[in-house]
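For reference, each letter of the sequence shown is one residue, going 1 to 529 in the UniProt record's numbering. Backbone N, C-alpha and C fix where the C-beta goes; we use that ideal spot for every residue, glycine too.
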Amino acid sequence: MVTSKSGCSQAAVPNSLCFTASLLVFRQILMMVGLPAAGKTTWAIKHAASNPSKKYNILGTNAIMDKMRVRMAPGLSIHLPLPESCSANRTTHLSPPPAHRGHVPWHRLLLAVSLLSFWNLPATAQITIESVPFNVAEGSDVLLLAHNATEDTLGYSWYRGERVENNQLIVTYRIDTQAYTQGPTFSGRERIYPNGSLLFQNATQNDTGYYTLMVTKNDLQREIVTGLLRVYPVLPRPIITSNNPNPVEHEDTVVLTCEPETQHTTYRWWINNQSLSNSTRLQLSEDNRTLTLFNVTRNDTGPYECETQNPVSATRSDPFTLNVIHPVAKPIIEANSTTVTEHEDTVVLKCLTNDTGVSLRWLFNGQSLLLAERIKLSQDNGTLTIEPVRREDAGNYQCEASNLGNSNKSDPLRLDVKFDSAPGSSSGLSGGAIAGIVIGVLAGVALIAGLVYFLFIRKIGGASDQRQLTENKSSDFNHIQDHSDKLSKKIDEVTYSSLNFNAQESKKPTSALPSPSATETVYSEVKKK
């Protein structure tokens with residue numbers, strides 16, 4: 001907003017305010033030249049837009065608005081112009097006091113009039129440049145608006161930078177011929193208007209910088225002014241990176257970084273949707289882009305968020321959670337009942353732990369629990385429900401809590417299932433259990449049969465070997481006995497003669513096979529004394 005020397009804004013203001021301001025300036029001028037402005041001297045003042053009947057307490061005296069003629073000099077009156085925004089009729093007439101009240105020196109009055117005339121001269125407004133908008137988002141349009149251009153302008157020339165250099169010329173426009181001349185730095189996105197303003201279409205960050213406008217007057221006088229264009233990127237959603245996403249509690253230091261790094265950007269951090277608190281274990285870098293956590297604890301898991309801001313945009317990252325590895329405490333199993341009745345009761349087991357960020361699993365008799373239609377887990381695996389319970393569900397149950405580096409099991413909890421074992425009652429065994437029992441029995445029978453067969457074969461083989469051994473032993477014994485008899489009879493040894501008599505038989509037809517009698521030898525023993 002431009003303000004005149006009288007203090008009146010160029011915007012429309014009440015006439016009374018502008019009138020008062022003009023009089024105050026006039027009073028100062030009167031005091032400078034030594035004319036009476038207060039006291040007993042009264043100046044009659046008339047303003048075309050004023051109420052003639054209204055009284056003003058201005059200049060230290062009561063001024064009455066009327067049509068008094070000035071008798072100081074024939075036809076002389078003082079005209080005090082007002083700023084343009086005050087009234088259509090902008091002349092204020094000030095009349096000196098009547099002559100009989102005292103003589104006013106002419107030279108002082110003329111000096112006052114000269115000063116008033118100088119005060120009334122229109123000030124030449126200097127041309128200025130305004131960026132619209134002030135801060136520009138990359139990809140949008142921006143106008144370097146030229147203010148206070150006068151009618152005696154011959155043309156405009158825009159340059160990149162803070163000086164007028166031909167090699168930095170963007171574009172030149174001559175008003176009388178409406179001719180455009182493109183310079184070396186013209187990119188095709190610039191457009192100059194007849195009032196000297198320069199439009200950038202699809203602005204880029206490379207457009208950021210100073211621009212100089214040279215205004216050439218008809219008398220070839222030049223006026224040069226420089227303006228600044230600021231183009232900022234629309235920031236993308238940042239992400240958080242960590243040098244150690246799984247630190248060990250009380251041992252490791254973690255450095256979180258907000259990516260990407262951009263110029264003219266402000267970085268802010270949030271933990272659990274709260275701004276950072278003062279802590280000796282937390283340290284920010286000079287530009288706030290990195291956050292360092294010393295000797296992390298399990299309470300430092302987060303989530304963490306970083307926010308980036310620049311003059312045209314602001315955005316926040318997705319939450320980032322830090323997995324702090326720490327020793328896992330032994331969990332505890334809580335049961336609604338440890339002794340239940342088959343087909344009647346429901347068992348609910350809960351795994352209780354004070355640790356956060358741990359995973360849970362269940363074990364039955366030391367093995368991972370197999371889920372079934374009757375056996376279900378909650379979403380976090382913290383609750384085990386068996387409905388209805390059966391006798392095969394009896395046994396020891398444990399829950400195990402673990403993180404990335406540690407685990408711990410609860411003490412076993414024994415579940416006892418009561419069932420009806422009276423004759424004729426349903427065994428309650430499943431088909432699979434019955435099949436398993438049958439297979440086991442058959443396998444046992446087959447094993448026993450195989451063992452008996454093996455023993456039987458072995459026994460028969462042993463008897464045969466024994467018989468052969470006995471015969472061999474008998475033959476040897478006979479041989480030894482014969483030898484012994486021969487030795488015992490040697491004392492009475494006699495000469496034995498062996499006589500071979502061919503049996504005399506009647507002739508028979510020749511046979512292909514020899515007759516046993518044909519080769520039979522007849523022994524005869526003759527003993528001599």
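Backbone CA spacing between residue i and residue j [nearest angstrom]
i: Val526; j: Arg458; result: Low confidence applies here, because Val526 scores a pLDDT of 44, under 50, leaving its location unreliable; read the following figure in that light. Approximately 54 Å between the Cα atoms of the pair.
i: His326; j: Gly209; result: 53 Å
i: Ala314; j: Pro184; result: 36 Å
i: Ala146; j: Pro311; result: 23 Å
i: residue 535; j: Thr266; result: Any question about residue 535 goes unanswered here, given that the chain covers just 1 to 529.
i: Thr153; j: Ser275; result: 56 Å
i: Pro319; j: Ile240; result: 8 Å
i: Asn288; j: Asp207; result: 27 Å
i: Ala203; j: Pro133; result: 12 Å
i: Thr338; j: Gly436; result: 28 Å
i: Glu373; j: Val340; result: 19 Å
i: Arg160; j: Thr181; result: 15 Å
i: Val231; j: Ala137; result: 6 Å
i: Leu371; j: Asp393; result: 12 Å
i: Glu334; j: Lys376; result: 16 Å
i: Leu455; j: Asp380; result: 60 Å
i: Val348; j: Ile434; result: 28 Å
i: Lys330; j: Cys351; result: 10 Å
i: Leu442; j: Ile448; result: 10 Å
i: Arg222; j: Gly188; result: 26 Å
Per-residue burial, residue i [other beta carbons within 10 Å of its own, 16 or more giving buried]
i: Leu144; result: buried
i: Thr150; result: exposed
i: Pro236; result: exposed
i: Arg281; result: exposed
i: Asn403; result: buried
i: Glu305; result: buried
i: Ile386; result: buried
i: Pro238; result: buried
i: Ile170; result: buried
i: Thr172; result: buried
i: Pro260; result: exposed
i: Ala446; result: exposed
i: Ile192; result: buried
i: Val417; result: buried
i: Ala179; result: exposed
Candidates the options, of which the one nearest residue i by Cα
i: Asp355; options: Ser407, Asn365 and Asn336; result: Ser407
i: Gly382; options: Cys399, Ser368 and Arg390; result: Cys399
i: Asp411; options: Ile448, Cys258 and Tyr397; result: Tyr397
i: residue 555; options: Val234, Arg222 and Glu249; result: For residue 555 there is no data in the structure shown, the boundaries of the chain being 1 and 529.
i: Leu360; options: Glu342, Lys409, Tyr211 and Thr339; result: Lys409
i: Gly357; options: Val328, Gly436 and Arg163; result: Val328
i: Thr262; options: Asp318, Leu276, Gln205 and Leu220; result: Gln205
i: Asn365; options: Val231, Arg414 and Ser197; result: Arg414
i: Glu342; options: Ile333, Ser421 and Asp141; result: Ser421
i: Asp345; options: Ile333, Arg391 and Glu334; result: Arg391
i: Phe200; options: Thr181, Val445 and Leu229; result: Leu229
i: Met309; options: Leu349, Arg268, Asn336 and Pro303; result: For the record, residue 309 in the displayed sequence is Gln; it is not Met. Taking only the C-alpha atoms, the option nearest Gln309 is Arg268.
i: Val142; options: Ser197, Asn148 and Thr128; result: Ser197
i: Asn273; options: Asn295, Val248, Arg298 and Gly302; result: Gly302
i: Thr216; options: Gly155, Asp393, Pro331 and Leu451; result: Gly155
i: Gly405; options: Pro245, Lys376 and Asn166; result: Pro245
i: Val296; options: Phe456, Asp176, Pro247 and Leu451; result: Pro247
i: Glu190; options: Val347, Asn167 and Trp158; result: Trp158
i: Glu251; options: Asn218, Ala449, Ser277 and Arg298; result: Arg298
i: residue 607; options: Phe186, Tyr453, Thr177 and Phe419; result: Not covered by the structure: residue 607. The range shown for the chain is 1 to 529.
i: Ile175; options: Gln168, Asn195 and Gly188; result: Asn195
Residues of its chain near residue i, where Cβ-Cβ distance is below 8 Å and the 5 sequence neighbours each way are ignored
i: Thr290; result: Val255, Leu256, Thr257, Cys258 and Leu284
i: Ile129; result: Leu144, Leu145, Ala146, His147, Tyr211, Leu213, Val225, Thr226 and Gly227
i: Trp395; result: Position check: residue 395 holds Gly in this sequence, whereas Trp was assumed. These residues qualify, in order along the chain: Phe364, Asn365, Arg414 and Leu415.
Close Cβ partners of residue i (< 6 Å) along its chain, the five nearest in sequence each way excluded
i: Thr292; result: Val255 and Gln283
i: Thr226; result: Glu162, Tyr210 and Thr212
i: Leu110; result: Caution applies to Leu110, whose pLDDT of 39 falls short of 50 and renders its modelled position unreliable; the value that the coordinates give is listed next. Counting only Cβ-Cβ distances below 6 Å, and skipping sequence neighbours, we find nothing.
i: Arg316; result: Glu305 and Glu307
i: Ser378; result: none
i: Pro388; result: His343
i: Trp362; result: Leu369, Leu384 and Cys399
Own chain partners of residue i with C-beta closer than 7 Å, once the 5 adjacent residues on each side are dropped
i: Asp300; result: Leu293, Leu322 and Val324
i: Val164; result: Thr212, Met214 and Ile224
i: Ile271; result: Gly302 and Tyr304
i: Ile332; result: Leu352 and Ser410
i: Gln168; result: Tyr159, Arg160, Gly161 and Thr185
- Those runs of the beta strand (DSSP E) which lie wholly inside the UniProt domain "Ig-like" (327-416) and span at least 3 residues: 332-335, 339-341, 347-352, 359-364, 375-377, 383-386, 395-402 and 407-409
- With a floor of 3 residues, list each beta strand (DSSP E) that falls wholly inside the stretch 144-181, ordered by position along the chain. 153-160 and 169-174
- What are the complete beta strand (DSSP E) segments, minimum 3 residues, inside the stretch 286-331? 290-293, 304-310 and 313-316
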